[in-house]
Amino acid sequence: MLISDVMTTNVVSIPSSTSLAEARRIMDAHNIRRLPVIDHLKLVGIVTKDDLDKMGPSQLTTFSVNELVYMLNRITVKDVMHRDAVTVPPDTTIEESV
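Under the working numbering, the first residue of the sequence shown carries the number 49, and numbering increases by one thereafter.
Shown next as structure tokens:
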């Protein structure tokens, strides 16, 4: 079986300048947990819902809700994305890709 047999097409992606708040909205709107990060038509990383959750408030925070919203709108995906995203061509077998 080839990667092309199981891969997603028409992928939702975001630029690295996207705020964490906007990335969360996009994930929620499309019911997805991962977003490829694309700059100048090149994959530069990936951000996951878990990455965004780690950047959320903890029980110990002293920030107000407004301060947290402000921060999540100022921090960008570039600050938290994984830069080591691996790609394979569509004609690669699943066995080769693992």
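Virtual Cβ for every residue (Gly too), placed ideally from N, Cα, C.
*Among Ser67, Thr57, Ile62, the one whose alpha carbon lies nearest that of Asp127*: In the sequence shown, the residue the question calls residue 127 occupies position 79. That would be Ser67, whose Cα lies nearest to the Cα of Asp127.
*Leaving out five residues on either side along the sequence, give the residues of the same chain with a beta carbon under 6 Å from the beta carbon of Ser65.*
The sequence position of residue 65 within the sequence shown is 17, counting from 1. Sequence-distant Cβ neighbours of Ser65 in its own chain, meaning closer than 6 Å and more than five residues away, are Thr124.
*I think Thr141 touches Leu83, with their Cβ atoms under 8 Å apart; what is that distance to the nearest whole Å?*
Here residue 141 is taken as the residue at index 93 of the sequence shown, counted from 1. Here residue 83 is taken as the residue at index 35 of the sequence shown, counted from 1. Here Thr141 is actually not in contact with Leu83; their C-beta atoms are around 26 Å apart, not less than 8 Å.
*Who does Pro84 pair with in a DSSP beta bridge?*
Position 36 of the sequence shown holds residue 84. As computed with DSSP, Pro84 is found in a beta bridge with Ile94.
*Who pairs with Thr141 in a beta bridge, going by DSSP?*
Working through the sequence shown from its first residue, we reach residue 141 at position 93. Bridge pairing for Thr141: Leu50 [DSSP].
_Assigned secondary structure, Ile62 (DSSP; H/G/I helix, E/B strand, else coil)_ = Working through the sequence shown from its first residue, we reach residue 62 at position 14. The answer is strand: DSSP assigns Ile62 an E or B state.
*What's the gap between the Cα of Val146 and the Cα of Asn114?*
Numbered from its first residue, the sequence shown carries residue 146 at position 98. Numbered from its first residue, the sequence shown carries residue 114 at position 66. Using only the alpha carbons, I get a separation of about 44 Å.
*What's the C-alpha gap between Lys102 and Leu120?*
As a position in the sequence shown, residue 102 is number 54, starting the count at 1. As a position in the sequence shown, residue 120 is number 72, starting the count at 1. Using only the alpha carbons, I get a separation of about 12 Å.
*Can you tell me the Cα-Cα spacing of His78 and Tyr118, whole angstroms?*
As a first step, residue 78 must be located in the sequence shown, where it is residue number 30. As a first step, residue 118 must be located in the sequence shown, where it is residue number 70. C-alpha separation (whole angstroms): 24 Å.
*Whose CA, out of Asp87, His88, Leu89, Arg81, lies closest to the CA of Val95?*
Here residue 95 is taken as the residue at index 47 of the sequence shown, counted from 1. Minimum Cα distance to Val95 is reached at Arg81.
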